[in-house]
Structure formats: C-alpha cells, structure tokens
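Once you know that position 160 of the sequence shown is 294 in this note's numbering, the rest is easy, because the numbers rise by one and skip nothing. Built from N, CA and C at the ideal position, the CB exists for glycine as well.
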Amino acid sequence: MKKGEMIEKESFDIIEQNVDLSNFSEEEKVVVKRVIHASGDFEFAKLIHFSKEWLKDFKDILGKKPSVICDVNMVKSGITEKYLRVSGLKTYCFISDDEVIRRAKELNKTQAEISMEYAFDRFENIIFVIGNAPTALLKVIEMSKDRDDKAVFVVGMPVGFVKAAEFKKMLAESPIPCITNFGTKGGSGIAAAAFNALIKVCYHV
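See the structure below:
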C-alpha cells in the first residue's frame with residue numbers, strides 16, 4: 135500500500151472510532167466519511183441530510199446522461215477526474231461566462247444564480263453541485279418547482295452566514311432528490327467530496 139493510501143486509511147479509521155455511523159446505510163456511510171475527511175469536522179455526521187430515495191434517484195439520473203453543473207470553479211476543480219472518466223459525466227461552471235456576467239449586472243442578481251438559470255435553459259438532466267453560493271441553491275429550488283419536466287439531483291452544501299442555513303433547510307424539506315447539510319457549514323471542498331463519494335458508491339471505484 136502506498137504512503138498516501140495508508141494515510142487515507144488511517145484517517146477513515148479515526149473517523150469510524152470517533153463518530154457513530156450506525157444510523158446510516160452502507161452507501162450513506164461512504165458519503166458521510168468522505169465529507170468528514172474533507173472537512174476535518176466530525177460534526178457533519180449530525181448535520182448531513184439525505185432525501186428519502188436519494189440513492190435510487192441518483193442512479194436514475196445517472197442513466198439519463200446528466201450534465202454536472204457547479205456553482206463555482208473551486209467545486210468543479212474538486213471533482214476527481216478519474217470519477218468523471220469512469221462515469222462518463224462532464225462538469226460545467228458558467229459563473230464567469232460573459233453572458234452570465236452581463237445578465238447579472240442587467241438584472242441586479244448574483245452571477246451564481248444567473249449561472250444556474252443559464253444551465254437550466256441548456257440541459258435537460260442536471261446534477262447540481264453547490265458549495266459556495268446560497269443564492270445558486272435558492273435559484274435551483276425555485277426553478278425545480280416550475281420545471282418538473284427536468285430530472286434534477288442536488289448536492290447542496292453552500293457555506294455561509296447569510297441564508298445558507300435557511301436555503302439548505304428549504305432544500306431538505308422540498309421534494310427535490312438531494313444531499314445537503316443543516317447549518318452554516320459547507321464549502322466547495324465539502325460539496326465536491328460528497329459528489330465524489332456518490333460516484334464511488336455507484337461505480338464501485
């Protein structure tokens with residue numbers, strides 16, 4: 135075993151020794167441990183939320199060849215290239231697109247929320263991975279209510295003190311298939327780690 139693999143194994147052993155994972159399914163444990171590993175924060179075991187049929191819903195959308203839309207490039211960069219090759223998925227981030235910037239200024243909205251609209255107009259089946267912008271998450275929730283013809287799955291873990299907790303609670307209480315967490319914690323690395331774990335679960339990599 136390589137040194138890096140040994141360190142990772144030791145990290146997961148420490149997580150299992152310090153966190154009660156008995157309430158999670160085997161697939162959920164993979165996600166929770168990856169999130170804790172990425173954050174260094176055991177509390178995520180108490181904060182993370184899975185929608186009722188999350189695994190079935192995620193596998194269903196994988197079968198529809200979805201696009202993976204990230205709210206910021208840091209999320210996109212955190213998604214493991216090997217997992218994209220295995221799954222055949224492609225990631226996109228439109229926050230710095232010229233048209234998004236123009237429309238955000240024109241409408242006095244955040245680039246993050248406009249980038250979600252931009253993606254929603256262009257793709258039929260979408261996995262949203264949101265780790266930075268609460269406004270992006272709210273926009274996805276709103277659009278999903280209006281367009282039930284689209285297949286959507288949301289990894290919604292934006293960090294922040296302004297509306298992040300409220301919008302994540304809103305996501306958890308919605309019918310949208312999702313993984314999220316309660317409270318202000320989150321971040322780009324956390325959202326990417328959760329998505330990577332989902333691919334690991336579904337493709338056994």
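Task: Cutoff 7 Å; reference Asn315; Cβ partners in own chain excluding five residues on either side - done: Phe178, Leu181, Ile182, His183, Met291 and Lys302
TODO: Taking Lys224 as part of the beta strand (DSSP E), name the residues at either end of that continuous run.
DONE: That run of the beta strand (DSSP E) goes Lys224 to Tyr226.
Open item on the list: Please return the same chain residues whose Cβ sits closer than 6 Å to the Cβ of Ser249, not counting the five positions on each side in sequence.
Closed with: Within the same chain, Ser249 has close Cβ partners Phe228, Ile229 and Val234.
- [ ] Classify Gln151 as buried or exposed, calling it buried when 16 or more other Cβ atoms lie within 10 Å of its own Cβ.
- [x] Exposed, since its Cβ has fewer than 16 Cβ neighbours within 10 Å.
TODO: Mind checking who Cys336 pairs with in its DSSP beta bridge?
DONE: Beta-bridge pairing links Cys336 to no other residue.
Open item on the list: Short of 7 Å in beta carbon distance, which residues of its chain neighbour Ser322, apart from the five on each side in sequence? Order them along the chain.
Closed with: The residues Val206, Met208, Val209, Gly212, Gly265 and Asn266, in chain order, have a CB closer than 7 Å to that of Ser322 in the same chain once the five nearest residues on each side in sequence are set aside.
Task: Through-space distance from Lys136 to Glu276, alpha-carbon basis - done: 46 Å
Open item on the list: Quick check: the Cα distance between Gly317 and Glu300, rounded to an integer number of angstroms?
Closed with: Distance between the alpha carbons of Gly317 and Glu300: 8 Å.
Open item on the list: I need the DSSP call for Thr269, collapsed to helix, strand or coil.
Closed with: helix
- [ ] In the DSSP assignment, find the alpha helix (DSSP H) that holds Ile170 and state where it starts and stops.
- [x] Glu160 to Ser173
Task: CB-CB length for Pro268 against Ala306, believed under 8 Å - done: About 14 Å separates the two Cβ atoms, so there is no contact after all.
TODO: Would you identify the three-state DSSP class for Gly290, choosing helix, strand or coil?
DONE: Of the three classes helix, strand and coil, the one that applies to Gly290 here is strand, per DSSP.
Open item on the list: Would Ser156 and Cys336 qualify as a contact pair, given that the criterion is a beta-carbon distance under 9 Å?
Closed with: no
Task: Residues of its chain near Leu271, where Cβ-Cβ distance is below 6 Å and the 5 sequence neighbours each way are ignored - done: Shown here for Leu271: same chain residues with a beta carbon closer than 6 Å to its own, the five before and five after excluded, namely Ile264, Gly290, Pro292 and Phe301 in chain order.
TODO: Sort Ser145, Phe262, Ala253 and Tyr252 by Cα distance to Phe192 and report the nearest one.
DONE: When only C-alpha atoms are compared, the closest one is Phe262.
Open item on the list: What ranges does the beta strand (DSSP E) occupy inside the region 179-248, keeping only unbroken runs of at least 3 residues that lie completely in it?
Closed with: 182-184, 201-204 and 224-226
Open item on the list: Spatial neighbours of Ser185 within its chain, please: C-beta separation below 6 Å, excluding the five flanking residues on both sides.
Closed with: Pro311 and Cys312
- [ ] Can you give me the Cβ contacts of Lys167 inside the same chain, cut-off strictly under 7 Å, excluding the 5 residues immediately before and after it?
- [x] Phe146 and Ile149
Open item on the list: Looking at the secondary structure, which residues open and close the alpha helix (DSSP H) in which Phe301 lies?
Closed with: Note, Phe301: alpha helix (DSSP H), Ala298 to Glu307.
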